[in-house]
Structures are given as C-alpha cells and as structure tokens.
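See below for the structure under consideration.
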Amino acid sequence: MLFLPWSNEEEDLIYINHQEIFELHKDLIRQKRSEYVHREANEFEQAFEEQTERGNDDDIDDTNIEYDQDKNEFLIYETGNNEGDIFVEMGINTRTEKIEHFNVPKMIPDADYQRLTRSLNSSQRKYTLNVMNLIKDGDKQFFHFINGGAGVGKSTLIKVVYQSILRFYNSLPGSNPETIRVAICAPTGKAAALIDGMTLHSFLSLPVNQCKHKLVKLDSNVSNRIGVKLKDLQLLIIDEISMVGFTMFQQVDARLQQIMKSKEPFGGISVIVLGDFNQLRPVGDKYIFQFNNSYNALVDNPLWSLFELFELTEIMRQKDDKIFAIALSNIAKGMMTLEDINLLKSRIVSNENLEIMGDAIRVFRSNAEVDAYNTKVLASLNTEGAIANAYDFCIGDGLASIREKVLNNVKNLKTTETYGLPLKIDLKVGAKYMMTVNIDTEDGLVNGACGKLIMIDYGKLQKTNETVPCRLWIKFNEEKTGRKTRANFQNVMRNRNIDPSLTPIEPVTRQINTRSTNFKVERKQFPLVPSEAMTIYKSQGGTYEKVVVNLKKGMTRSELYVSCSRATKSSGLYLIGDFVPPKPPERNDAVATMFKSMRSERMLKFSLEFPEESQGERFFVMFHNVQSLNKHILDIRSDKTLLCASMISLVETWTKPTDSLEIEGFKVIHRRDCNDTRKPFGQITYLKNDLKYENITERCEYSGKDHIEYCSIKIDDICIISVYNSPNSSFDVLKRHINEVISISKRFCEDIIVVGDFNINLKIKTNHKFIEYMESFGLTLINKLNKSSTNAKTQIDYCFTNMNDLKSDYFESLTSFHKPIWIRKHGILTEVHVDEIKQIRTDIPFNLKDLKIYDQSDMMVVDEEFSFDRYEIVDENEQIDIDTTYNLEDLHASEQSNMMEIDEQSSFENYEIIDSTSRKILDHFLLVLDFNNTTDTDQISSQAQIINDLIEKSPFITVHNKDQSVRLKSKTEYSVQAFDSVYARTCTTADGNCLYSSLSILNIGSEKLTHSMRLLAVNAMINNSDYFQTLCKVLHYSFEEQLKRTAIDTIWGGEVQIQALSIALSHPIYSYIQFNIDPANRHYISLDISLQELIDRFNKRTAGGHLKYIGYKSDMNKLGFCVYYNGTHYDALLPFQDNPQQFVPHYDLINMSL
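Heads up: the sequence shown is residues 0 to 1153, going by numbering that gives the first Met the number 0.
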C-alpha cells in the first residue's frame, strides 16, 4: 500500500480488506512501484538471500568421512508443524497436530518377562542386576556405554532392563503406572520402532537435522509442560548411539538440563547408550566421543568422558547363525579367518540367478545406483500405476515474481531438502516402497519402514477434475507396523472387503525451508519413495530376510560390515561382485583409539558384588524371601549365583506338598509346605549333593496373629539358623523362639549364623534394640546398617553371627520384593555324603535353664512401624490366603514397662507412626482386594479405633493451636470480611490428598493423619456398605471403585468420601465455595456485609451453593468441620476461637443421612 495515495490512516490503511483494495488498484500500484523501486533494490534482495543461504552452512571438517557426502540421504523427518489443506477439496484431512506425546512401552505379561529373564546370558544377567541395584538405591547418577556387534543381544538387554525397572516402580505402593521413569530413544524412527521407543527429536524437541540447525531454547510453557510429564524420569536409554553425532549429543544434554531445571550433566538423569561403532559414522558430524573442531581431535569430549564401558561379546544366535555372526564381527574388526572368508564367498551369486533372490532388498553404495535400479524395476512391472505429484503452496506476502521463483527453486531441491517428500513418485502396484517420514513411531510408521504397494485409491480435484491418488494401501514387512492405523480404518476396510493386513497411507504436509524472508513453502505428498533398492546408509538399523549387496571396489570396512549384517542369516545374504576381505583399522583410527582408552581406563565396575566370582572361597550361603517358590522355581534353577551357593535357604515359599521343587546338583534337607491354600508360609533348604549336614531343630508357630518359622542345620562345624518372622508377630514370641533355637544350636556348634526375614526395620533407631538383644547371645550384625533389603528401602532381612571370618551383603532379585542375602566363608567344607532322609533330632535333652530368660523390663521394644514395612507379591492365578491380622494390640496393650514410651515422644511423632501404619494397612487392603475382591477388615477396624482414640485426646483446633507447618492464606479469591473474621483458610498440600489433609488439620492441627483420614473413610464405607451401595447407585457410581478411590494414595476425594468422613468423625462437614461477586445475582454477598446479615442470608438460602454433609441425623446439631472448595482443591477453614459462629448451608448434596 506504499504505492497507493491515502489521506486517513485508519480508514485507508488499517481497517480495510487489503486484498480487495489491491485487486481494485493493482495497475496504479504497479506503475507507482516501477517509479520508486529500482534494479539495485531487487539485486540487493537477491544478494541478501544468497548470502543468507551461504551463511547458514555449517563449517564442518568432513575429511576422512567414509560416505558419499553429496549423495547421502540418511536424515530423520518428523511430522510436525503440518499446516495447509491442499487435499481438503477431496475431503482428505492430513493435518497432524504437534503435541507433547511420549511413547512409553507397556509392561509385558509376567510369563513373557520370565521367559525373557531366563534367556539372558551371564553378561546380560549381571548387567541387568547391577542396573537394578543402582536404580533401587537411587542415590547415584550413572553413565554406561554398552558396546556390542551383531547378534550379541543388545535389544534383548534394553527390553529386560526397561521391563525390570517398570516392574520395580509399579510394585511400590501408591505408584502411578502412567509415570515416566525410563525413556527409550533412538536417533531414527526405524531404530526407535524396533525397541518400542521414541526418536530423540520427538522426545526432546531437537532440530530435525542434527548438524544443520542450532538448538533453540524451548518456550517456557512447553518446557514446563514437558518437565511436569518427565518430573520422575530417572533413566534415559539411547540405542544406535553410533548414529548420534557430537552435536546431537550436546543438544540432548542441553535440552535435559533445561527441562529438568538442573545444571548437572543430562539434567541429573542417568544415561545408558548402546551401539556398535564399527557401523557407519554419524551423518555430517563428528563421532560422539570427539570434539567438534577443525583439528578432528581424538581426545574424549567432556560428556563422553563420563561414560563407562560394558561390552557384550557372546553371540546369542542359533548354531548356523552364530557362525555367520562371528564372521560379521570379524569383518567389523578387519580380522577375518579363512573360514569367515569362505563363508562370505559362498554367498556370491551372478545377475543371471536373480530368480533365487525372490523379494530380496538390493543394497547399493550410492544414490545414483539406487535410483537407476528402482527406475528399472518399476518400468519392468506390468501392473496398475500412477504418478503422485507433490502440491507446493506459497505462504506469505511478497512480489508474485519472487513467489514464482521460490516455488521453482523448491522443485529443484533434493528429497533430503524437502523433508522426505519427493516432487514426484512413480507408483506401481506390487513394487516395494519405503516411508521417508516418521508419522507415528509408536505404530511403526517411521522413516525406513518398508512394504509393498497393493492398492491405490483415487479422488478428483474439483477445480481441474483431475484424477489423483489419494490413499495408498501398503503391506508392510513387519505385521506390527501400522497396526493402530489399520484398527482406525477397520470399518472402511470391512465395508470394502480390503485385506486386513494392508495399511492405509495418506499424504502429509511439511513446511520446506526456502531461506526466504517473505515466503514459506508447504508441500503435500505421500511420505514414500521406491525401495526395490536402498543405499547402505539407508539400510543401517534394519534387518531383512533376504538382502542382495552389490559389492564395489573401494568399499570401506564399515560399509561392508553394515551391508552384510542387514541379513539375519547367511542363507538370506546374496553378494554380487568380488568379495575382498577388509583390512584392520589404522593405528590412528578414531574408533580404535577410543576403545583402547576406555578399555584401559573406564571399564564398568559393578556396584553389586557377585559372590560366585570370589577366588578360593568355597562356602557360601544364599538366603532369600522368594515370595512363591512354585511361581519362581524356573527362575531359581536358572540363577547362576544361587546355583553356585553351597546352601540355599528360601522362606515364604507358598508351596504345597505336591509341588515339584528339585534343583539339579542339590538335595532338599528341610521343607515345610502350606497344608491347604497358598499363603505367606513355608520354608525350604537346599544343600549341594556332596556336602555333609545334620538337622538340629526346626519349629513353626502359626496361631492367631503370631507366625514364625525357623530351622537349624549343622554343616561342618557351623549351625546355620534360617528364620522367617511375620510382620504380625509380637516381639515376645520372636524372642522366645530366637532364645530357644540359639540355645539348642549352641549345644552342637560353637559357630552360629542366624539369617532371616525378621520384619523388624533396622532403619528405625528404636529397633536397634533388636541388635542389642542378639548381641546378648554373642552375635553381631554383619550386614551394613541402613542398607535396604527390600524394594521399599526398608532393612528387614539381615544376618547375625559370632564368627570372625564371614562376610555378608545383599544381592539383587528380579522377581521378589526382597533382596537375597549372601554369606561367605573362607575355607573348604567337608565333602561327605549322608543319608538324605535323615530325620530332625527330637531326642535333644531340653532344660528350661538352658534358655536365656530376661527380666521383662529389659524386653526389646519395637517400633510399630516395623510391622508393616513389607508387601506380599504373588501370582494372581494362585489360590491365596493372605494373613492380614495385624498385631496392633501387642504393640499397645503390653505392660507399661514393655511398650514403646509414647509419652516420651512428641505427639506429632506418634501421629507419623500411626499414619504410616494406616498407609500400609490400606496398601495391604488394596493388594488383597485386587487379588480376590474380598478381605478381612479386622486390622482396618482396629486401626480406626486407635485413630479415633487419638483424635478424642486432641484439643479443639483453632488458628492459635495449629501446628507451625500449617500455613494460612493471606487472602481468598473474594474476601468477605464477616466470614473471614470467623474462619481462616489454610494452604493445604495439593497432592491429591487435600480433602483428607484438610480434615486432618481440623482434627489434630496438622496433616500428620492424612492417610488415617482415608482409613477412617474406608472403615465407614465398609461398615455401612448397604447405605453406600445405595448412595453410589443414586450418584451413578460403582461402590467398589469408590472404595478403592478412598483407599488409594493421591486420588482425589468427592461427595462419597466426604459423607464417609462425616460418618467416621461423627460431625457434619460443611463445604464452602467462593461467594458470588456479581451484584446482579441474588446470591451476591458484599465485601462489607455484617455478621448477622451473613447468617441471615445463609438461613434464607441466598448465600450461594454451599454444601453440608451429615452422616448421622443425630449429629445434626454438632459443631461442623468446615472446608473450602475451589473446584479442584480443598483447604481447611480454621476458626479463630472455640465454639465459632457456624454458617450452615441449606443445600444437601446428599440428603440420605443415616
């Protein structure tokens, strides 16, 4: 509009339709423009554009790079920022919205997981156990590089590590299965799809081309959204690390630091990378372990120097494939044997024998060869065909001549520069095609996915009446590729009788960088290219049944290795040309230098000790709470550490007499089974066949709340006592049995070992008296104090001894909530075989004087919390009878001298203990409920009584006697002075427990009984189940779901839960919302309304939709507990004085009081 006369800026320039005005006056505008815009201006614009293009090229030293720099097309394309509606006139919507979606692999079935763990070789197993040990301890960031060639099981290792971590976190009470703890990524869509992961680009919003774009800092809103989703991220796993260059690696580090808001490397997240550096080097970038400078330095970059090396070397393929895998490994090293060379030469075929190759993929070194072969094959196909032309549209304002120039320039761009969308695609039914864009990584529709075109759908453009392809039906090589997309189209496919194995592919839109300041070009095209052949680079990361490699003179070692290793078997590899064995790497080879440095200085040292590796130490014992031996007997039989032990002692076996529990090389010397149903009961002890033993004594008490089992076995001159003590047993009973078994065992052996699951948590200081009690027998704890023995980070399994030459530590388990304990002794045991059916000695002269009797006042006092620091994890298909009777009475009803001295602790410490107990009872309640939909609720009722007794002793809570931890809000959303003069609103913790935390504040002045409030509500719902079932039916809820919601940690409460709390606390509960701030509304309350007027307004029912909940009609006139609800969060309303003025809402959400 600079060239059109105007007088009023607003009327003539701003508030007008610019396009209409331009069309009306375009001749005048062009004339005036020619008068003022000279040739120099156009030349300057063109020169500026050319300079911008030159300035954006990276200055990367690519000397010594083993690939065709000008022909390489191995880039990653993500579908994002897709705008435009080119195909809208045909009714096709191909728009893809950009959202933060994280593809998180799901937990596989238990049977599949068990098969996976049992198939691990020694290196895989040790690494997995070591990582699990690091994850469970969780106090140290770690960086591992797992190196391995073809067939060594890297993908299997990724899967088992991820699944093990997933199971660990999901086993913890209150865990959210949707929480992202581990992310699995790869640099390409094809590699990501193979491991059910994500591309690094989509996961961390990295630039598409790893070396051509600088990392732009994420918008704070986007960063915060991603940060919220990844707040619990502990570990990042990156596969195919050899394809990640220096630049991308730096970008991963920088992005994680931004998202996690931490300056620690990778934002404080541990990182495992896997790959094979004998493959082709990163595209257009330095190796990940090099500095990115013009000197091509061979020293480590700072990030890579953090990583420790772990190598997988054992080939995990079948016999014939194993020979082939070894040959491939030797190609990579440049050290082929004569046998390797003969194997590869036997795979050479001539072009005349093409028929035997069938549907094999052809692999060439250059793009020119690939294009020529694809063109030749497509031309030879006498099938239905079509041409799919790209639709390019300009977006932006500018001269028409420049617009035309930009569009013409785009037509001359390579496919690599148009984000994988070709200008033209030759479509032939029956031909092979490959995806060039990552459409849906989770669905396997990724760059590199290959398949055959089976059918073409057509549509007509209304403007030109031109018939064009609008949908392609592809049969992908992998059945799982496109499974989700096929499900979305199942009705269309059924109605048209389309083969259900075909996947529909539609055009996508990408914005192409034209480097023009005025115009952007969008291209809409099918994300496919012919793939009868592909380059070596494009083939990297994929495997195929049949591969034909065209050998060329001058092929590098890496190219030969990558191309030949695309075949999974030697019988599927065909070579055309002369096979020349590659030479070993040069002395200054970058990869060889890196490995030499890491192998000498940074080999991974396990934090977990494997006792079977100790030299010259023959005797060691393994003790483990196995949690269902019948379920895990195959795991025991394949556990190399357990099988190296001299003695294996297992408790909580859940076994029946009919179970077959033999282990090769061992004899069973003690066994106790469940007589009826499977439950947390049972003990079994195995001993190596060649060792001598003698059963000293064994005992089981299983009566009421007390459950303890033990056995004492003499091996050589040592008595080994294995103990299981239930969390429900009283400490008096435990002492009596410990006293008995030690006294009896000492009659036969001086050297004593006592190992067991005692269910007394030594991480609680008050429980250290148990250590003192054992020391009275001359026995010392030999496990490191405060070291976790369970997934819940409690220490309830440990070992005592009076021997000086013993060492003990915790091992790791992939199946149990408990960690195994190993105990090791120097020296060799007597190898004498004895009768396996030798009976336990019952003729022991027994005298009560032999037992240590202690004054009751000195009895060990155990913290209540220890009774619940464990959880039972069992096979849901097994019949279950879970012992859920908690022995709270034993902890509270004993003599004053024996019980925990509550008066010596602060009230809040007691609250914490009781609330922790409540949480554990609820977790156990949920566990049992999930297994059989029924549960014994005695422990809930008992705990509810304890909580109510505690609340009754608490004074009336006001703002003046609340705990200091409870903060008050200085101002509410709409502050009514009369109301605020009576009540102050708290800042209750917003963690999903806010309703229960608010009621805790109102009852005891703090949030210390939050979980106890949940337990009271659960107890009320169970005791009044008929009432609540009716209530839930009226509210269109499921009673069972509401009961679970009440028990589960961090799940919001609603009307059902408030009604349950009103019943449990025997008080009305009033819920207030924000007062109305609209003067025109009849419920409007002025800020300065008087107290009496406000009371009157409540009586007249014109004070808003405030709600009252009354559990019992008899509680109608009691003082109510008041809470404030803003629609998503509850806060407590604390009065300023005793017996405050009550504002009683009229509205009853639930008008069904008992």
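For each residue, glycine too, the CB sits at the ideal point set by N, CA and C.
Near the ligand FAD: residue i beta-carbon under 7 Å from a heavy atom
{"i": "Q250", "result": "Absent from the structure shown: the ligand FAD. Ligands present: none."}
Test item: CB-CB of residue i and residue j under 8 Å
{"i": "I314", "j": "I330", "result": "no"}
{"i": "I946", "j": "L1015", "result": "yes"}
{"i": "P1067", "j": "I1109", "result": "yes"}
{"i": "A192", "j": "D238", "result": "no"}
{"i": "V732", "j": "Q682", "result": "no"}
{"i": "I1154", "j": "H669", "result": "Examination of residue 1154 is not possible in this model, given that the chain is present from 0 through 1153 alone."}
{"i": "K1007", "j": "E1092", "result": "no"}
{"i": "S728", "j": "Y709", "result": "no"}
{"i": "F1074", "j": "I1062", "result": "no"}
{"i": "L171", "j": "N790", "result": "yes"}
{"i": "Y535", "j": "R364", "result": "The displayed chain sequence assigns Ile, not Tyr, to residue 535. For I535 and R364, yes; Cβs fall inside 8 Å."}
{"i": "I1155", "j": "V409", "result": "Since the displayed the chain opens at 0 and closes at 1153, residue 1155 lies outside it and no answer follows."}
{"i": "C986", "j": "K968", "result": "yes"}
{"i": "P281", "j": "M242", "result": "yes"}
{"i": "V546", "j": "I360", "result": "yes"}
{"i": "L607", "j": "E351", "result": "no"}
Closest Cα partner of residue i within the set the options
{"i": "L406", "options": "P503, E521 and N464", "result": "E521"}
{"i": "G991", "options": "I1047, K961, I1072 and F167", "result": "I1047"}
{"i": "P499", "options": "V215, V491 and L305", "result": "V491"}
{"i": "T198", "options": "N129, V221, L444 and Q113", "result": "L444"}
{"i": "K423", "options": "D284, P526 and L343", "result": "P526"}
{"i": "T435", "options": "R482, D284, N411 and S538", "result": "S538"}
{"i": "N688", "options": "K655, L642, T654 and D716", "result": "L642"}
{"i": "R1081", "options": "K1099, K691, L1090 and Q461", "result": "K1099"}
{"i": "P581", "options": "N1125, E558, I134 and R565", "result": "E558"}
{"i": "S807", "options": "L813, T779 and N790", "result": "T779"}
{"i": "K375", "options": "E1040, F1142, K427 and Q489", "result": "K427"}
{"i": "D370", "options": "S349, A389, I322 and P421", "result": "P421"}
{"i": "Y692", "options": "D138, Y432, M646 and Q162", "result": "M646"}
{"i": "K552", "options": "I752, F578 and T542", "result": "F578"}
Where residue i falls, given that 16 or more other Cβ within 10 Å makes a residue buried
{"i": "N223", "result": "exposed"}
{"i": "F1135", "result": "exposed"}
{"i": "V548", "result": "buried"}
{"i": "I822", "result": "buried"}
{"i": "K523", "result": "buried"}
{"i": "E633", "result": "Per the sequence presented here, residue 633 reads as Leu, with Glu not at that position. Classification of L633: exposed, given that the 10 Å Cβ count is below 16."}
{"i": "R29", "result": "exposed"}
{"i": "E531", "result": "buried"}
{"i": "D1137", "result": "exposed"}
{"i": "H1035", "result": "exposed"}
Backbone secondary structure at residue i - three-state DSSP
{"i": "F475", "result": "strand"}
{"i": "Q682", "result": "strand"}
{"i": "Y432", "result": "strand"}
{"i": "K427", "result": "strand"}
{"i": "E439", "result": "Looking at the sequence itself, residue 439 is Asp, so the reference to Glu does not match. Correct three-state label for D439: strand."}
{"i": "A367", "result": "helix"}
{"i": "N373", "result": "helix"}
{"i": "H817", "result": "strand"}
{"i": "N494", "result": "helix"}
{"i": "I271", "result": "strand"}
{"i": "Q510", "result": "strand"}
Segments of 3+ residues assigned as beta strand (DSSP E) that fall wholly inside the segment 1073-1147:
1106-1108, 1120-1124 and 1129-1134
Any chance you could list the alpha helix (DSSP H) runs of at least 4 consecutive residues sitting entirely within the segment 95-176, in chain order?
109-117, 121-136 and 153-170
Within the segment 604-660, note down every full alpha helix (DSSP H) run reaching 4 residues or more, in order along the chain.
628-636 and 639-642
What are the complete alpha helix (DSSP H) segments, minimum 4 residues, inside the segment 684-755?
As far as the segment 684-755 is concerned, its whole alpha helix (DSSP H) runs of at least 4 residues are 730-744.
Just list the beta strand (DSSP E) runs in the segment 301-338, keeping only unbroken ones of 3 residues or longer that don't cross its boundaries, in chain order.
307-310
Complete runs of the alpha helix (DSSP H) confined to the segment 199-251 [at least 4 residues]
199-203 and 219-228
Mind listing, in chain order, the continuous alpha helix (DSSP H) runs of no fewer than 4 residues lying wholly within the segment 906-980?
906-931, 937-952 and 976-979
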